[in-house]
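Everything on this sheet refers to the single structure shown next.
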Amino acid sequence: MHALGLLARRCRRLIAFALYGAVLVAASGCASSPKPQTDTPLVLQPLPTPMPTPVVELRPLQDEAPPQSTPLPEAGAAPTPAPQRGPAFVALLLPTQSKSWRTAAETIRAGVLSAERTLSASGMPQVRTVDTSDNEQDILAAFQRAQAEGAVAVIGPLTKTAVSYIADNAQFDFPVIALNSFSEETLRRPHLYSFSLSVETEAQQAARFVAEQGVNRPVVVLADGVLAKRMAQGFSEGWRLDRNTLPATLVVQGTDYTGLRAQLDSSGADAIFLAADTRNARRIRPFLGNMLPVFATSQIDPGGLGATALVDLAGIRFLDIPWLADPDNPTYDFYKRTRGKSNDLERLFALGVDAWRLAMALRDTPPGNVRIDDGLTGRLSIGPDGVVQRTLVPRTLSAGRADLPPEAPLVEPLPQ
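Those letters in the sequence shown? Residues 1 to 416, per the UniProt record's numbering, in order.
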């Protein structure tokens with residue numbers, strides 16, 4: 001039994017050593033690397049650089065900053081409405097809110113509305129009065145509102161400064177009939193027209209009238225006052241344009257006119273242009289004598305002159321508008337105007353009537369083709385500079401009234 005046990009232990013040791021050797025051989029085989037093949041080399045390519053993972057910052061919606069551009073409307077929201085444009089109309093832009101301009105503005109408005117009632121036809125745009133102050137910014141804002149609401153023409157503004165302000169700051173493609181003259185600084189714009197009762201322009205036309213009477217050497221008798229200076233400047237400029245020379249000028253100062261006639265005799269003049277208002281003209285006229293014809297502007301007849309004043313001013317010749325030169329014209333009855341004593345206001349009424357007619361004509365007629373032969377302020381046309389030219393009618397003051405000479409010819413305005 002002892003021998004069998006001893007044999008069994010030796011057998012177990014032999015088996016254990018055999019197993020241990022097998023494990024060592026296996027381990028040695030795994031640790032050794034196989035030789036690479038010599039006919040196919042192995043090339044290692046670099047791994048591509050991975051793209052960085054973007055960092056996303058999550059914030060609550062209420063913390064989002066508002067966009068800088070105009071946001072799109074939400075679904076179902078109504079779009080912002082455009083300015084409402086009603087039926088086409090003519091905007092009458094007048095400073096009726098200005099105390100100093102109210103009377104003139106209201107008289108012009110009466111003329112415009114009278115023309116509309118009398119002459120308007122089917123399809124013509126209606127007149128809408130736009131009341132303003134005499135402030136340029138206020139007038140521009142009113143102009144732009146009327147434009148946004150559908151104005152197809154504008155009559156106005158009235159003041160010279162407002163005309164220049166509109167020319168500088170407004171954009172428009174419809175007729176604008178400015179009721180004053182352009183200044184030297186006024187920007188000339190397409191569709192902008194000047195329609196005025198300028199005394200300078202009237203005096204220029206008077207110069208041509210004087211020349212047509214055969215006068216060669218007129219003398220300007222210049223009284224005191226700013227208006228008189230404007231008359232003298234206009235006449236001198238008109239004479240220069242017509243005859244390429246300037247007339248002589250006698251300046252009257254103070255109230256002593258006794259030496260005036262001697263100065264006229266020594267001047268060699270063959271006519272007198274009296275640059276004066278009615279008050280000064282009445283004082284000066286008796287000292288001019290009756291040897292030379294005397295001419296003036298329509299300011300010589302403000303209306304309502306008494307018998308004594310008419311005697312003082314008798315024989316003075318001037319140019320005026322048909323509305324005053326021919327008050328008994330039967331066609332004027334259609335306007336149903338009760339005439340006042342002020343000729344200045346009657347001229348403004350006539351200006352309003354003709355402004356409406358110009359606005360209607362310019363809707364579909366090129367300015368160079370506009371002709372209104374029976375205008376209340378004269379025969380009307382438009383020059384290339386946008387200035388409305390008025391052809392006036394000669395008149396002569398007499399002791400009874402200012403008479404229209406029989407078959408008096410129209411006097412063409414001087415070219416500008």
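Heads up, the beta-carbon is just placed ideally off N, CA and C, and yes, glycines get one too.
Three or more beta-carbon pairs separated by less than 8 angstroms are not found between the stretch 238 to 247 and the stretch 280 to 293, which leaves the two stretches without contact.
Put simply, of D328, V215, G375 and G386 the residue whose alpha carbon is nearest the alpha carbon of F273 is V215.
The C-beta of G375 has 16 or more other C-beta atoms within 10 Å across all chains shown, which makes the residue buried. DSSP, read as helix, strand or coil, puts Q389 in strand. For I321, the three-state secondary structure derived from DSSP is coil. When secondary structure is reduced to three states using DSSP, A148 falls in the helix class. Excluding residues up to 5 positions away in sequence, T107 lie with their Cβ nearer than 6 angstroms to the Cβ of L345 in the same chain. Between the alpha carbons of V387 and Q233 lies a gap of roughly 19 angstroms. In the displayed model, P367 falls within a helix according to three-state DSSP. In this structure A146 touches V154 by the C-beta definition: roughly 7 angstroms separates them, less than 8 angstroms. For I155, the beta-bridge partners assigned by DSSP are L92 and I177.
Taking R282 as reference, the option from A314, L380, L392 and G268 with the minimal CA-CA separation is A314. Runs of the alpha helix (DSSP H) lying entirely within the stretch 104 to 150 and spanning at least 4 residues, in chain order: 136 to 148. Here G352 is not near A91, since their CB atoms are 8 angstroms or more apart.
C-alpha of S266 to C-alpha of L197: approximately 35 angstroms in a straight line. For G368, same chain residues with a beta-carbon under 8 angstroms away, outside a window of 5 residues either side, are I382 and P384 in chain order. According to the DSSP secondary-structure assignment, S98 is paired through a beta bridge with no residue. For the options S236, D373 and R217, the alpha carbon positioned closest to that of A203 is the one of S236. Cβ neighbours of N280 within its own chain (closer than 6 angstroms, five residues either side excluded): A223. Distance from the CA atom of V127 to the CA atom of F89, rounded to whole angstroms, is 6 angstroms.
Comparing alpha carbon positions, the residue from E212, D326, A296 and R208 closest to I316 is A296. The stretch 118 to 137 makes contact with the stretch 93 to 102: 3 or more CB pairs, one atom from each, lie closer than 8 angstroms. For A276, the closest of A167, T258, L264 and L250 by C-alpha to C-alpha distance is L250.
Contact check for L319 and L392: beta-carbon distance about 4 angstroms, within the 8 angstroms limit, so the pair qualifies. The distance from the Cβ of P322 to that of G378 is about 7 angstroms, consistent with a contact at the 8 angstroms cut-off. L324 sits away from L358, with the two beta carbons spaced by 8 angstroms or more. Within the stretch 174 to 230, the complete alpha helix (DSSP H) segments of 4 residues or longer fall at 199 to 212, listed in chain order. Counted as a single uninterrupted DSSP element, the stretch harbouring F172 is not any alpha helix (DSSP H), since DSSP gives it neither H nor E.
Here D364 is exposed: its Cβ has fewer than 16 other Cβ atoms, across all protein chains shown, within 10 Å.
The continuous stretches of alpha helix (DSSP H) do not include A314, and DSSP gives it neither H nor E. Distance from the Cα of R390 is smallest, within the candidate group A309, P366, V199 and T396, for V199. Counting only unbroken stretches of 3 or more residues, the beta strand (DSSP E) elements lying wholly within the stretch 248 to 308 are 248 to 251 and 271 to 275, in sequence order. Its Cα nearest to that of V130, the residue A141 stands out among A141, G123, M124 and S120. With distances taken between CA atoms, F143 lies nearest to L93 out of T308, T103, L93 and W356. Counting the other CB atoms within 10 Å of its CB gives N329 a total below 16, which places it among the exposed residues. In the DSSP assignment, R379 falls outside any alpha helix (DSSP H) and within the unbroken beta strand (DSSP E) covering R379 to I382.
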